[in-house]
Amino acid sequence: MEIALLLIAMALTVLVVTALADRIDVPAPLVLIVVGVAGSYVPGVPEITLSPEVVLVGLLPPLLYAAAIQTSLVDFNANRRSILLLSVGLVVFTTVGVGVLVHALLPGIGWPGALAIGAVVAPPDAVAATAVGRRIGLPRRIVTVLEGESLLNDATALVSLRTAIAAGGAGISAVGVGLDFALAAGGGVAAGVLLYVVIGWVRRRVEDPLTDTAISLVTPFAAYVLAEQIHASGVIAVVVAGLLLGHRSPVLQTASSRIAERMNWRTIAFVLENVVFLLIGLQAARLVDDVGRSEVGLGRVVLVCGATLVAVVVLRVVWVAAARVVLLQPGPDGVRVRPSWRNTLLVGWAGMRGVVTLAAAFVIPSDVEHREVLLMIAFTVVAGTLLVQGLTLPWLARRLRVPSPDPMDDALARATLLQQASKAGFAALAEIEADEEHEDRHGVLDLVRQRIDQRNFAAWERLGTTPGQETPSELYARVRLAMIAAERERVLEIRSSGRVDSVVVAEVLAMLDVEESLIDRVRPQHEQEEPVGLRPAPLESCAHLAATWAVQTSDAGVCEDCLADGTSWVALRQCLECGHLACCDSSPAQHATAHFRDTAHPVMQSAEPGEDWRWCFVHHVTS
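For the sequence shown, position 361 matches number 361 in full-length UniProt numbering, and the numbering has no gaps at all.
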């Protein structure tokens, strides 16, 4: 009963604190740390010990998996050099740097213990930096790099920690260190790929969302345990399985399963992430008591804890600044340029530590000299980086004037991507219409066209049964599912090219999933033919947009055709060949499209205030 009451109390605390943090506009992880520290000194609050097994087996796999399935594999691959430099190079650099510092400041500590605490404090948290980064609107490339780093750096740190502990018991050579890391990383990748293949095979044969969700909940623990059983990195196995399954989910799972998985893992991640930060704070009182009984003087403890906190911050900034010299990223016209110094500084400052650091500290054997001080160092680094860097990161982003993702750019990219998907869907519709052997007496195909048009307009701004005959609802479901399959295939092709932001791609895929799931609900219970999508040609370049440029549009503010017809308009568009001003497709008369059909003038530009995007009627692309 006491355990049940404690769990309920923690859950309620998390809910109340996160709600309060949203109201006062402060990141919830930071408030939970403070609440946990204060709660650890409240009489009657039971002492909670974060055992390594609970964190590394119970908390870390689901947290990493929840992050991995939402991470774009395309973006991850595009930024792999930056991610590897941070998740491997920086972790090793920090481990050695902190190890040297602690060995110099803490009398009696051996090199194994000093390097062990260096490995413990080296990896930034998989949640804290990206939680703060998304909240304050950091550029998406920075968030992608931070996500990718935090997915892999735990593996590097844990392998380094294991090596340092092994060195304390018996000598270990540099070759042995490298071999240990290679085996751990390679075995982790192999275990992750193997589990991906198995789960993927199963998912292609499972249509029940409940069964699929149950498989999803078991996957991260299975990946972690499988890898650890062969003495490989369980963290890497979880990340690899999550990245691959998340990337392939549009073709492995049904739409209903994808929606259920997304909602379930968002809920799990929300609960675990926030509980973890509360648990970190609740360790404070016990760690302080242990240090009070230490043979090391209080002044020395304060010195080594403070110096280590400063060191992890400085070492990260130095490494990121040095890495900027060797890193190039795609720029305009295909020219590769160095990352902006502003982005570099933000990445360097976004190094908040979290629960893995504190849990890994408890892995240090109890016979290591001054273990209680090492635990306090880990707690100081976690709390210090979360509070200092977490609170100042928004201020730094504002001072550097780093641009946030532009909602208008997202809206335009989303609408354009939907138009590209619709183009593929309409091609599938034309093929289906040509294959129909009977007259469409119910006008279902025209209704399909209308509903797709309505969906696209919104982006720019379901009957009796006759035996042996396909009902209108059956026909609609079959046709629309075939179109959605073609649309999804087209979106995935565009996603693989890396030309459209992964957030926009994910939003469009989610829209298609929602629509497909609604169709599944109204479909009859008897078997349907499996829809087959049309494979569209690759996205062609647009010579029409290349031959035009944005102009100062007319300020007349009216559609003369609408005035003549007695209709109204929603938004105005201007032909860039003759200057004709007409209403958009969301307007009842769609005079801009009518003008294109009459004249074949291919490019129009938005004539709305503050908008200068252009649209090619021929290729369905924007600029």
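Virtual Cβ for every residue (Gly too), placed ideally from N, Cα, C.
Listed as beta-bridge partners of R614 by DSSP are Q605. DSSP lists no beta-bridge partner residue for Q552. Within the same chain, and ignoring the five residues on either side of A66 in sequence, the residues whose Cβ sits closer than 7 Å to its Cβ are W265, I268 and A269.
Going by beta carbons, L245 and R204 fall outside the 8 Å limit. Under the rule that a run must span 4 or more residues, the alpha helix (DSSP H) segments found entirely inside the region 356 to 402 read 371 to 384 and 390 to 400.
Annotated as proximal: L146 and A350, with beta-carbon spacing under 8 Å. In the three-state scheme derived from DSSP, where H, G and I count as helix and E and B as strand, Q590 is classed as coil. CA-CA distance, V504 to A510, rounds to 10 Å. When secondary structure is reduced to three states using DSSP, T18 falls in the helix class. When secondary structure is reduced to three states using DSSP, C542 falls in the coil class, being assigned neither helix nor strand.
Cβ neighbours of L105 within its own chain (closer than 8 Å, five residues either side excluded): R300, L303, V304 and A307.
Taking the C-beta atoms as reference points, R573 is found no nearer than 8 Å to C562. Taking the Cα positions, V35 is about 54 Å away from R478. The Cβ atoms of A166 and A119 do not sit closer than 8 Å to each other. The straight-line gap separating the alpha-carbon atoms of M483 and I452 is approximately 10 Å.
Judged by DSSP secondary structure, L572 falls outside any alpha helix (DSSP H) and instead within the beta strand (DSSP E) spanning L572 to C575.
The C-beta separation of L581 from S606 comes to about 11 Å, leaving the pair out of contact by the 8 Å criterion. T622 sits in a strand when the DSSP states are folded into three classes.
In terms of Cα proximity to I280, the closest of Q590, E577, S216 and V31 is V31.
Residue range L581 to C583 is occupied by the beta strand (DSSP E) that includes A582, with no alpha helix (DSSP H) assigned at that position. Out of T380, L272, A260 and V314, the CA that lies nearest to the CA of L287 is found in T380.
Secondary structure note for G39: its alpha helix (DSSP H) is the uninterrupted segment A28 to S40. The DSSP-derived three-state label of P139 is coil. Residue state for S233 is assigned as coil, using DSSP reduced to three classes. Counting along the chain, A547 sits inside no alpha helix (DSSP H), nor does DSSP assign it H or E at all. Contact between the region 42 to 60 and the region 351 to 367 is present: three or more C-beta pairs spanning the two stretches fall below 8 Å. Put simply, the backbone Cα of C575 is about 56 Å away from that of L315.
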